[in-house]
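In UniProt numbering, the protein residues as written are 1 to 601. For every residue, glycine included, the Cβ atom is placed at its ideal position computed from N, Cα and C. Quick notes on the structure that follows.
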Amino acid sequence: MSADSSSHTSHSRSATRNEPMTEQMTGAQALVRALEQVGVDTVFGIPGGAILPAYDPLYDSTKVRHVLVRHEQGAGHAAEGYAQATGRVGVCMATSGPGATNLVTPIADAYMDSVPMVAITGQVSSPLIGTDAFQEADISGITMPITKHNFLVTDADDIPRTIAEAFHIASTGRPGPVLVDIAKDALQAMTTFSWPPVMQLPGYRPVTRPHSKQIREAARLMTDAHRPVLYVGGGVHKAGASAELRELAELTGIPVVTTLMARGTFPDSHPQHMGMPGMHGSVSAVGALQRSDLLIALGTRFDDRVTGQLASFAPHAKVIHADIDPAEISKNRHADVPIVGDCREVIGDLIKAVRNEINEGRKGDYADWWKILNGYKQTYPLGYEEFADGSLAPQYVMERLSDIVGPDAFYVAGVGQHQMWAAQFIGYERPGTFINSGGAGTMGFAVPAAMGAKMGRPDATVWAIDGDGCFQMTNQELATCAIEGVPIKVAVINNGNLGMVRQWQTLFYDERYSNTDLQRTRRIPDFVKLADAYGCVGLRCERPGDVDATIRKAMEINDVPVVVDFVVHQDAMVWPMVAAGTSNDDIKYARDMAPKWENEE
Ligand SMILES: Cc1ncc(C[n+]2csc(CCOP(=O)(O)OP(=O)(O)O)c2C)c(N)n1
Ligand SMILES: [Mg+2]
1 MSADSSSHTS
11 HSRSATRNEP
21 MTEQMTGAQA
31 LVRALEQVGV
41 DTVFGIPGGA
51 ILPAYDPLYD
61 STKVRHVLVR
71 HEQGAGHAAE
81 GYAQATGRVG
91 VCMATSGPGA
101 TNLVTPIADA
111 YMDSVPMVAI
121 TGQVSSPLIG
131 TDAFQEADIS
141 GITMPITKHN
151 FLVTDADDIP
161 RTIAEAFHIA
171 STGRPGPVLV
181 DIAKDALQAM
191 TTFSWPPVMQ
201 LPGYRPVTRP
211 HSKQIREAAR
221 LMTDAHRPVL
231 YVGGGVHKAG
241 ASAELRELAE
251 LTGIPVVTTL
261 MARGTFPDSH
271 PQHMGMPGMH
281 GSVSAVGALQ
291 RSDLLIALGT
301 RFDDRVTGQL
311 ASFAPHAKVI
321 HADIDPAEIS
331 KNRHADVPIV
341 GDCREVIGDL
351 IKAVRNEINE
361 GRKGDYADWW
371 KILNGYKQTY
381 PLGYEEFADG
391 SLAPQYVMER
401 LSDIVGPDAF
411 YVAGVGQHQM
421 WAAQFIGYER
431 PGTFINSGGA
441 GTMGFAVPAA
451 MGAKMGRPDA
461 TVWAIDGDGC
471 FQMTNQELAT
481 CAIEGVPIKV
491 AVINNGNLGM
501 VRQWQTLFYD
511 ERYSNTDLQR
521 TRRIPDFVKL
531 ADAYGCVGLR
541 CERPGDVDAT
551 IRKAMEINDV
561 PVVVDFVVHQ
571 DAMVWPMVAA
581 GTSNDDIKYA
591 RDMAPKWENE
601 E
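Pasting the structure below:
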């Protein structure tokens with residue numbers, strides 16, 4: 001490939017600062033140039049026939065680094081991890097047909113968790129579309145319900161504008177995944193590249209400024225309430241509003257709960273923090289919501305994992321619900337005060353409105369509420385069972401990781417028990433430091449997402465906390481990490497089982513362990529040997545006494561990825577738990593152990 005043919009050397013007219021640049025090139029070159037123009041520095045992907053024209057100019061780009069992953073699912077989750085660690089749009093690329101369908105899971109994942117992502121796929125040439133051509137899949141049709149928006153591009157002239165629009169849509173309003181499917185002949189055709197293009201999105205105008213009347217109404221309710229709770233979801237961090245949240249919380253003295261997607265948005269160590277609500281939330285957080293008379297729901301969506309049985313969720317509470325996406329408001333729970341807007345603006349305005357209330361001599365008094373809440377915290381702290389045989393408790397591993405690694409690292413979890421323990425037993429102090437698959441619950445998320453996070457934030461320590469089941473779904477990206485020089489650390493919480501499913505079998509299926517045993521005594525595969533085979537360092541830890549030294553050793557290795565096989569007891573369970581479909585009031589903090597709510601009040 002000659003550098004002379006690169007897109008950088010063929011200016012027909014030198015672009016000055018204010019003049020739009022205009023140049024003849026192929027659609028593929030226009031694609032790469034557009035990606036450079038929107039500021040993309042990293043693309044995760046795998047080439048193939050239909051996308052091949054795009055890979056040629058990509059080879060020459062000095063601005064865009066393409067990371068060759070081992071599976072397109074890895075590309076998608078890496079783009080998500082990159083996006084969540086940096087706040088920028090993550091980008092993945094794949095060929096048509098199976099390449100594109102391998103992206104479906106991460107696209108769905110990004111959609112559920114509002115992650116800004118652009119997925120670029122090659123499509124068969126436009127005359128072949130609809131003919132069952134080789135490697136044809138209608139990926140825009142397939143992903144219609146799981147993308148914020150998607151495009152099928154069949155004309156080279158549309159490529160720059162479509163890329164500009166895709167990045168704009170993915171990153172503004174409620175973030176989400178956008179698919180750009182480009183027919184091969186559009187990539188090969190000649191076009192005139194000009195930048196910036198004029199976007200054509202007349203119907204797309206996210207409302208970011210909240211309505212002042214609603215804000216005043218909300219502030220009044222907050223002042224009048226006796227038992228308010230700030231119910232904080234992932235949208236608050238996405239809006240970059242954690243500082244504002246803290247100011248509002250401290251100004252009002254209202255307790256805060258942070259959902260799975262909001263861990264770290266409000267510091268765990270803050271005395272007003274009540275913990276994580278939901279199916280595996282703390283008794284204090286679940287109790288606070290259930291007994292509340294006012295929920296101030298910010299960037300959160302009343303997910304069933306938080307509400308439990310909806311009809312009995314927070315039965316005495318009025319609801320203020322602020323979200324950038326009007327479709328979320330009153331979707332699951334009626335909002336008495338609906339507020340459409342960006343959480344940073346909403347919280348900023350709420351601070352001003354509450355100050356006005358205070359200046360007028362009206363301040364909320366929540367002293368009695370805090371007596372109840374502090375009682376919950378003292379009586380029902382998070383705890384766990386230790387095993388008499390000296391085997392390792394997974395929660396202990398989390399506690400030690402938290403202490404030794406500290407709150408500046410990123411923790412990227414898979415899905416299952418280990419994810420819940422990572423949410424519960426690691427102390428999060430900084431927004432965005434816990435990255436996980438919340439809405440979709442996608443096994444296999446951790447390793448590639450950690451890789452993406454580390455590439456976006458190379459100076460940060462990134463720990464993937466994975467299950468032995470999850471790890472076997474996407475550990476091939478360890479090869480990518482080793483080759484690309486991405487020294488992530490992976491803690492495999494190896495309980496030898498599809499543990500979360502096994503937990504449900506223990507509790508609800510009479511201990512009939514149908515197809516959840518991964519046969520750990522046979523050690524197939526041996527994760528330490530597997531790490532070695534992938535060019536990573538593999539460590540194993542089986543006893544509590546070795547945990548600290550093992551973590552420290554992993555922390556000292558910074559040139560290659562490290563995998564630690566933490567062999568833990570298979571019977572460890574995630575508590576507290578609200579059984580699916582039951583009321584939050586029926587939360588158990590251990591097996592058959594229910595809190596006594598009445599005594600606390
Ligand atoms: C792709 C996918 N398949 C199946 C499930 C259902 N599922 C949820 S948790 C889980 C077990 C996960 O096992 P492991 O990774 O070992 O984690 P553990 O619960 O043991 O910590 C399964 C099978 C899922 N969430 N995602
Ligand atoms: Mg497991």
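Put simply, the backbone Cα of Asp565 is about 5 Å away from that of Val492.
For Trp421, there is no enclosing beta strand (DSSP E); the residue is part of the alpha helix (DSSP H) that begins and ends at 417-425.
By the neighbour-count definition (other C-beta atoms within 10 Å, threshold 16), Gly535 is an exposed residue. Nearest C-alpha to Met500 among Ala579, Val229, Glu399: Ala579.
At least one heavy atom of ligand 2 lies less than 7 Å from the C-beta of Leu498. At a Cβ-Cβ threshold of 8 Å, Ala446 and Cys481 do not count as neighbours. Secondary structure note for Ala413: its beta strand (DSSP E) is the uninterrupted segment 410-413.
One Cα belongs to Gly414, the other to Gly99, and the distance between them is close to 23 Å. Here Asn584 is buried, its C-beta having at least 16 other C-beta atoms within 10 Å.
The segment 317-355 contains, as complete beta strand (DSSP E) runs of 3+ residues, the segments 318-323, 337-340 (chain order). The segment 93-112 and the segment 279-289 do not touch, with fewer than three beta-carbon pairs separated by less than 8 Å. Taken in chain order, the unbroken stretches of alpha helix (DSSP H) that lie wholly in the segment 60-95 and span 4 residues or more are 72-86. Out of Ala239, Ala183, Pro57, Gly278, the CA that lies nearest to the CA of Pro431 is found in Ala239.
With contacts defined as CB atoms closer than 8 Å, Asp468 and Leu518 qualify as a contacting pair. Spanning the alpha carbons of Met573 and Gln417 requires a straight line of approximately 7 Å. In this structure, Gly441 has its CB closer than 7 Å to one or more heavy atoms of ligand 1.
Ser194 carries a strand assignment under DSSP once its states are collapsed to helix, strand and coil.
When C-beta atoms of the segment 336-356 are compared with those of the segment 200-217, three or more pairs fall below 8 Å, so the two segments count as touching. With fewer than 16 other CB atoms across the displayed protein chains lying within 10 angstroms of its CB, Arg522 is exposed.
Under the 8 Å Cβ criterion, the segment 112-120 does not count as touching the segment 154-162, having fewer than three qualifying pairs.
The C-beta distance from Ile159 to Ile139 rounds to 17 Å, too long to fall under 8 Å, and the pair is not in contact.
Nearest to Gly233 by C-alpha distance, out of His334, Leu221, Thr265, is Thr265. At least one heavy atom of ligand 1 lies less than 7 Å from the C-beta of Cys470. Using a Cβ distance threshold of 8 Å, Gln272 and Ala249 count as a contacting pair. In this structure, the CA atom of Arg362 is about 40 Å from the CA atom of Trp575. Excluding residues up to 5 positions away in sequence, Gly49, Gly97, Val124 lie with their Cβ nearer than 8 Å to the Cβ of Phe134 in the same chain. In the structure shown, His280 falls within a coil segment according to DSSP collapsed to helix, strand and coil. Residue side-chain check: Gly416 places its Cβ nearer than 7 Å to a non-hydrogen atom of ligand 2.
Of all alpha-carbon atoms in Leu310, Val354, Ile324, the one lying nearest the alpha-carbon of His334 is that of Leu310. In the assembly as shown, Ile163 is a buried residue. Its beta-carbon has 16 or more other beta-carbons within 10 Å. With 16 or more other Cβ atoms from the protein chains shown falling within 10 Å of its own Cβ, Tyr366 counts as buried. As the crow flies, the alpha-carbon of Pro57 is around 27 Å from that of Leu478.
Uninterrupted beta strand (DSSP E) stretches at least 3 residues long and entirely within the segment 514-572 occur at 537-541, 562-567, given in chain order.
Distances from the alpha-carbon of His321 to those of Asp303, Arg552, Leu295 put Leu295 closest. If you ignore the 5 residues before and after Val306, its C-beta comes within less than 7 Å of the C-beta of Thr259, Pro277, Gly278, all in its own chain and listed in chain order.
In this structure, Asp224 and Gly438 do not form a Cβ contact; the two beta carbons are roughly 33 Å apart against a cut-off of 8 Å.
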